[in-house]
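In order, the protein sequences belong to chains S and U. Note that the first sequence covers residues 221 to 482 in the working numbering. Note that the second sequence covers residues 221 to 482 in the working numbering. All C-beta atoms in this analysis are idealised placements derived from N, C-alpha and C, irrespective of residue type, glycine included. Keep in mind that this is a model prediction, so the values were computed, not measured. Remarks on the structure that follows.
Protein chains: 2
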Amino acid sequence: MYAEPACDSSLSTPSAGSWHVVPPQPAVREAAPRYPATRCSTCSLRAVCMPPDLTSTELEQLDSVVLTTRNVHRGETLFRAHDAFQSLYAVRTGSFKTVVMHRDGREQVTGFQIPGEPLGLDGICSGTHSCDAIALEDSTVCIMPFGQLESFCRESRRMQHHLYQLMSGEIVRESSLMMLLGTMTAEQRLAAFLLDLAGRFQARGYSGAQFNLKMSREEIGCFLGMKLETVSRMFSRFQREGLVEPNGKQIRIVDLEGLARV
Amino acid sequence: MYAEPACDSSLSTPSAGSWHVVPPQPAVREAAPRYPATRCSTCSLRAVCMPPDLTSTELEQLDSVVLTTRNVHRGETLFRAHDAFQSLYAVRTGSFKTVVMHRDGREQVTGFQIPGEPLGLDGICSGTHSCDAIALEDSTVCIMPFGQLESFCRESRRMQHHLYQLMSGEIVRESSLMMLLGTMTAEQRLAAFLLDLAGRFQARGYSGAQFNLKMSREEIGCFLGMKLETVSRMFSRFQREGLVEPNGKQIRIVDLEGLARV
DNA sequence: CGGTTAGTTGAGAAAGCTCAACAGATGTGG
DNA sequence: CCACATCTGTTGAGCTTTCTCAACTAACCG
Numbered sequence: 221m222y223a224e225p226a227c228d229s230s231l232s233t234p235s236a237g238s239w240h241v242v243p244p245q246p247a248v249r250e251a252a253p254r255y256p257a258t259r260c261s262t263c264s265l266r267a268v269c270m271p272p273d274l275t276s277t278e279l280e281q282l283d284s285v286v287l288t289t290r291n292v293h294r295g296e297t298l299f300r301a302h303d304a305f306q307s308l309y310a311v312r313t314g315s316f317k318t319v320v321m322h323r324d325g326r327e328q329v330t331g332f333q334i335p336g337e338p339l340g341l342d343g344i345c346s347g348t349h350s351c352d353a354i355a356l357e358d359s360t361v362c363i364m365p366f367g368q369l370e371s372f373c374r375e376s377r378r379m380q381h382h383l384y385q386l387m388s389g390e391i392v393r394e395s396s397l398m399m400l401l402g403t404m405t406a407e408q409r410l411a412a413f414l415l416d417l418a419g420r421f422q423a424r425g426y427s428g429a430q431f432n433l434k435m436s437r438e439e440i441g442c443f444l445g446m447k448l449e450t451v452s453r454m455f456s457r458f459q460r461e462g463l464v465e466p467n468g469k470q471i472r473i474v475d476l477e478g479l480a481r482v
Numbered sequence: 221m222y223a224e225p226a227c228d229s230s231l232s233t234p235s236a237g238s239w240h241v242v243p244p245q246p247a248v249r250e251a252a253p254r255y256p257a258t259r260c261s262t263c264s265l266r267a268v269c270m271p272p273d274l275t276s277t278e279l280e281q282l283d284s285v286v287l288t289t290r291n292v293h294r295g296e297t298l299f300r301a302h303d304a305f306q307s308l309y310a311v312r313t314g315s316f317k318t319v320v321m322h323r324d325g326r327e328q329v330t331g332f333q334i335p336g337e338p339l340g341l342d343g344i345c346s347g348t349h350s351c352d353a354i355a356l357e358d359s360t361v362c363i364m365p366f367g368q369l370e371s372f373c374r375e376s377r378r379m380q381h382h383l384y385q386l387m388s389g390e391i392v393r394e395s396s397l398m399m400l401l402g403t404m405t406a407e408q409r410l411a412a413f414l415l416d417l418a419g420r421f422q423a424r425g426y427s428g429a430q431f432n433l434k435m436s437r438e439e440i441g442c443f444l445g446m447k448l449e450t451v452s453r454m455f456s457r458f459q460r461e462g463l464v465e466p467n468g469k470q471i472r473i474v475d476l477e478g479l480a481r482v
């Protein structure tokens, strides 16, 4: 359902090498192949991803930072906690979830990422990722090697500021999630979640009124701090109240204002 | 109880001007006076605040970015949501809480900051702060005008990286808070909170086993997503179980391992 | 020293969880 | 391409945790 067709050019670059410390992993875990990126300068998501006012020189430089993309199949990880941090990523097609895990097995989904949204910012701090990023469907990401990005940011004031803004935005996003988890009822959480998603889809030119949830009820619950049964009950309640028309994963928002009033 | 004596030199700099859009505020809200900072190069918190490997030239430049400090009295705000973002701050003495507020009055404390910790990172994103920063006791902060800091970071690779690390660290901190709010019981939350605080005090050379909570039970509850009564009950439970010896705001951790096992 | 605020404790209510049954959807091998 | 197994989602009933309301005590402040 999402934008651009995945870049599936098969000119695999040999440069890939070992992306990850390879821990126990369901299936064979090959060195992830990279593919040449189509350029930022012509990308339809540029307005979502990048500052609006880059000069053509800056765009050229940017193209030389974002040289490759990578395909991640549904259920596979882009990176996992404890992997060495190398690059920042931007979702190009598809969608991801990020999950932090406690030793005792407790899991918390900390976010869902759709095209144009960043991944990997958690890794800068310690040089090691602190969460897993898992594809919810077959997806593509742009790869921005962080060292090169940093160099670029020392040259470009605009790009420097953009990266600070991006990270600050992540901080603010997480704060409002804390508010959600700390102060809202199950009903309010789900409403806020749907409204947030609707807004993000709309900002990317998709319908905000009707969309397809790629994540399961369990994943939604794990994000919103409640059990899947409760998520399901709340969907049913919204349907009864004529706010949302859920059809499995297909969601139609009927009464936006009503949902906001919950 | 915290480190350094506050810099209370009264050579108020006239440069202060209007720091804030002044919304309804309990008392008189004057333009906050700034005081000359004692230098980063000689600050005992430097190891906590700044990258360890700055050259003497970089230290000099840093001193010229962090020219001023500001005193904030107990209960007063350093900045509030919707204030224009100007500067990043580092707590020098005392402590703060950051609070995000929903229109309907719901509040969530998103963090407590002790000496050496940053404040204001939320403002970069939109140029406007998204939370209130309120002093829990009479406190002092170092002021880092963000424009100057950005310039400095374009010149100093180390400083640039440090700021990225700082922001990434905030992202990781908030993720683990989401885990706390999303998956833990009231008992586990309070235990995790005490252990976190103990670690942070210890890292600053204070006792991790005995410390003074500057925040009320209500503020703790608002941070941990529970009511003050529940916080109180959990303290009592920890006391009964011989894990913690709470004496009002004075906390002594008796059984660190036990607390970690909760 | 009296008034106010902060903290503790108890009892009953409510939200959300657990367990369980079942229905649809999805996928797989014969 | 069907039949069966598996996974995902829905719904119900009873239980647990936390909240709410209330009373009371201790600490703090002017």
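{"Asked": "Quick check: the region 347 to 363 of chain S against the region 302 to 311 of chain S, are there 3 or more CB pairs under 8 Å?", "Found": "yes"}
{"Asked": "With a threshold of 6 Å on Cβ separation, who are the neighbours of Q422/S within its own chain once the five nearest residues in sequence on each side are excluded?", "Found": "G428"}
{"Asked": "From S456/S to R378/S, what does the alpha carbon distance come to, in whole angstroms?", "Found": "47 Å"}
{"Asked": "Verify whether the separation of the beta carbon atoms of Y309/S and L265/S is less than 7 Å.", "Found": "no"}
{"Asked": "Alpha carbon to alpha carbon, how far is I471/S from T288/U? Give it in angstroms, no decimals.", "Found": "53 Å"}
{"Asked": "For a contact meaning CB atoms closer than 7 Å, what does L341/S contact in chain U?", "Found": "S388 and I391"}
{"Asked": "Across which residues does DSSP place M364/U in a beta bridge pair?", "Found": "L308/U"}
{"Asked": "In angstroms, rounded to a whole number, what distance separates the CA positions of A252/S and R290/S?", "Found": "7 Å"}
{"Asked": "Using a Cβ-Cβ cut-off of less than 9 Å, list which residues of the region 394 to 408 of chain U approach chain S; keep chain order.", "Found": "E394, S395, S396, L397, M398, M399, L400, L401, G402, T403 and M404"}
{"Asked": "From the DSSP output, read off the bridge partner residues of S299/S.", "Found": "Just to set this straight, residue 299/S is Phe in the shown sequence, not Ser. A353/S."}
{"Asked": "Considering only C-alpha positions, which residue in the set R437/U, S359/U, E375/U and V464/U is nearest to L298/U?", "Found": "S359/U"}
{"Asked": "Compute every distance between the C-beta of I471/U and the non-hydrogen atoms of the ligand HEM, then say whether any falls below 6 Å.", "Found": "Looking for the ligand HEM in the displayed structure turns up nothing, as the structure carries no ligands at all."}
{"Asked": "Using 8 Å as the Cβ pair cut-off and three pairs as the minimum, do the region 368 to 385 of chain U and the region 315 to 335 of chain U touch?", "Found": "no"}
{"Asked": "Is it buried or exposed for R409/U, if we count other Cβ within 10 angstroms and need 16 for buried?", "Found": "buried"}
{"Asked": "Quick check: the Cα distance between A267/U and E337/U, rounded to an integer number of angstroms?", "Found": "11 Å"}
{"Asked": "Run through the DSSP bridge pairs and tell me what T318/S is partnered with.", "Found": "G331/S and A353/S"}
{"Asked": "Below 7 Å on C-beta distance, what does T330/S contact in chain U?", "Found": "S395 and M398"}
{"Asked": "Report the partner residues of F431/S according to the DSSP bridge assignment.", "Found": "I471/S"}
{"Asked": "When the cut-off is 7 Å and only beta carbons count, does R374/U lie next to chain S?", "Found": "yes"}
{"Asked": "Go through its chain and collect everything with a Cβ distance to L415/S's Cβ below 7 Å, but skip five positions before and after it.", "Found": "L479 and A480"}
{"Asked": "Just to confirm the assignment, what range does the alpha helix (DSSP H) spanning R481/U have?", "Found": "L476 to R481"}
{"Asked": "Should E439/S go down as buried or exposed, given a rule of 16 or more other Cβ atoms within 10 Å for buried?", "Found": "buried"}
{"Asked": "Under 7 Å between C-beta atoms, does G290/S make it to chain U?", "Found": "The sequence given here has Arg at residue 290/S, not Gly. For R290/S, the answer is no, since every Cβ of chain U falls outside 7 Å of its Cβ."}
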